[in-house]
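*Asks:*
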Amino acid sequence: MSPRIEKLLYKTLGLWSEWENTGQDTPVKQPEVIEQLTDGLTNQSFMVSSGDFKAVLRVNSLDSFSYAVDRDRETLLLKTLQTTGCVPRLLYADADTQVTEFIEGRYLTSSDITKPSIQAQLEDCFARIHSLTLGGRPRRNYLRYSRFYSDQLAHFPDLKALESVARTIDAAGWDPVISHHDLLLENILYNDDGIYFLDWEYADLGHPLMDHLRVF
Numbered sequence: 003m004s005p006r007i008e009k010l011l012y013k014t015l016g017l018w019s020e021w022e023n024t025g026q027d028t029p030v031k032q033p034e035v036i037e038q039l040t041d042g043l044t045n046q047s048f049m050v051s052s053g054d055f056k057a058v059l060r061v062n063s064l065d066s067f068s069y070a071v072d073r074d075r076e077t078l079l080l081k082t083l084q085t086t087g088c089v090p091r092l093l094y095a096d097a098d099t100q101v102t103e104f105i106e107g108r109y110l111t112s113s114d115i116t117k118p119s120i121q122a123q124l125e126d127c128f129a130r131i132h133s134l135t136l137g138g139r140p141r142r143n144y145l146r147y148s149r150f151y152s153d154q155l156a157h158f159p160d161l162k163a164l165e166s167v168a169r170t171i172d173a174a175g176w177d178p179v180i181s182h183h184d185l186l187l188e189n190i191l192y193n194d195d196g197i198y199f200l201d202w203e204y205a206d207l208g209h210p211l212m213d214h215l216r217v218f
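Here the sequence shown is numbered in my numbering, starting from 3 and rising by one per residue.
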């Protein structure tokens, strides 16, 4: 663990009394680190607990900008989605860290997607998320967004094809909705209570079919 990660991890743990009240599982003392969950490009996440309380504390990458990640945007969208029941509860967020409830469950598999019951739950979450509005924010420009990434690469053989698709999407008439934009199966958690979409770093107002086509 780097000195920066350790400093931010324990700084946020020290702010535990400022986290959102979660009800009966609210910690009565500072949570402790149980294990590291991920060591990714854009963040490092840890399970923390205090008694029956469990949460995921994420330390953001120092270089989030290179991945077109806007932490303020992510927090705004995640707060907006709290009423849907399709995302983890957001307990705390600042420029460097985020704390969300820990949800027991498993990631969906490709075989799960073929089951009508799972499909119905996914469609229900899409409908709940798409029903929410977020005024004053422009929809994503997919050409500009794709160029943000391609400009960082020395060679991108499929660039013309990608930009052609992006132009077509941008030119079409569609009403934007809150879109995850990275809805891999590893970002969809399932348990007996429902389905939860995780990791909203790349979310924005986007095309209404973007997430649907990624999943199905």
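Where a beta carbon is used, it is the ideal one built from N, C-alpha and C, also for glycine.
Using a threshold of 8 Å, state whether the C-beta atoms of R108 and Y192 are closer than that.
*Replies:* Against a cut-off of 8 Å, the Cβ pair of Y192 and R108 comes out as a contact.
*Asks:* Can you round the beta-carbon distance between A95 and T77 to whole angstroms, since I take them to be within the 8 Å contact cut?
*Replies:* The Cβ separation is near 5 Å, so the contact holds.
*Asks:* Just list the beta strand (DSSP E) runs in the stretch 38-66, keeping only unbroken ones of 3 residues or longer that don't cross its boundaries, in chain order.
*Replies:* Whole beta strand (DSSP E) segments, 3+ residues: 45-52 and 55-62.
*Asks:* Since E103 sits in a beta bridge, which residues does DSSP pair it with?
*Replies:* A57, per the DSSP bridge assignment.
*Asks:* Across the stretch 162-172 and the stretch 137-154, are there enough close Cβ pairs to call them in contact, namely three or more that are closer than 8 Å?
*Replies:* Yes, they touch.
*Asks:* Excluding the 5 residues preceding and the 5 following L136 in the sequence, name in chain order all residues of the same chain whose CB lies nearer than 8 Å to its CB.
*Replies:* Here the set comprises L78, L79, T82, I180 and L207.
*Asks:* Could you check where the beta strand (DSSP E) with V198 kicks off and where it finishes?
*Replies:* Checking the sequence, you will find Tyr at residue 198 rather than Val. Here the beta strand (DSSP E) through Y198 covers G196 to F199.
*Asks:* Going along the chain, which unbroken runs of the alpha helix (DSSP H) with 4 or more residues stay wholly within the stretch 141-186?
*Replies:* DSSP runs (the alpha helix (DSSP H)) wholly in the stretch 141-186: 144-152 and 161-173.
*Asks:* So the candidates are W18, G138, A129 and M212; which of them puts its Cα closest to the Cα of T85?
*Replies:* Measuring from the Cα of T85, the nearest candidate turns out to be A129.
*Asks:* Just to confirm, is the Cβ distance from S47 to V58 under 8 Å?
*Replies:* Closer than 8 Å, so yes.
*Asks:* Excluding the 5 residues preceding and the 5 following L185 in the sequence, name in chain order all residues of the same chain whose CB lies nearer than 6 Å to its CB.
*Replies:* Cβ within range, chain order: D213, R216 and V217.
*Asks:* In the DSSP assignment, find the beta strand (DSSP E) that holds D213 and state where it starts and stops.
*Replies:* D213 -> not in any beta strand (DSSP E); alpha helix (DSSP H) instead, spanning M212 to V217.
*Asks:* Helix, strand or coil, according to DSSP, for G137 in the structure here?
*Replies:* Of the three classes helix, strand and coil, the one that applies to G137 here is coil, per DSSP.
*Asks:* In the structure shown, what three-state DSSP assignment does G208 receive?
*Replies:* Three-state DSSP puts G208 in a strand.
*Asks:* Kindly indicate the opening and closing residues of the alpha helix (DSSP H) around L11.
*Replies:* Segment P5 to G16, the alpha helix (DSSP H) holding L11.
*Asks:* Below 6 Å CB to CB, which residues in the same chain sit around R60 once its five sequence neighbours on both sides are set aside?
*Replies:* The residues are N45, S47 and Q100.
*Asks:* Give every residue of the same chain whose Cβ lies closer than 8 Å to the Cβ of L39, excluding the five residues on either side of it in the sequence, and list them in chain order.
*Replies:* Excluding positions up to five away in sequence, the list reads S47, F48, M49 and V58.
*Asks:* Could you give the distance in angstroms between the alpha-carbon of I115 and the alpha-carbon of L124?
*Replies:* Computed Cα separation, rounded: 9 Å.
*Asks:* In whole angstroms, give me the CA-to-CA distance for T102 and S68.
*Replies:* Rounded to the nearest angstrom, the two C-alpha atoms are 24 Å apart.
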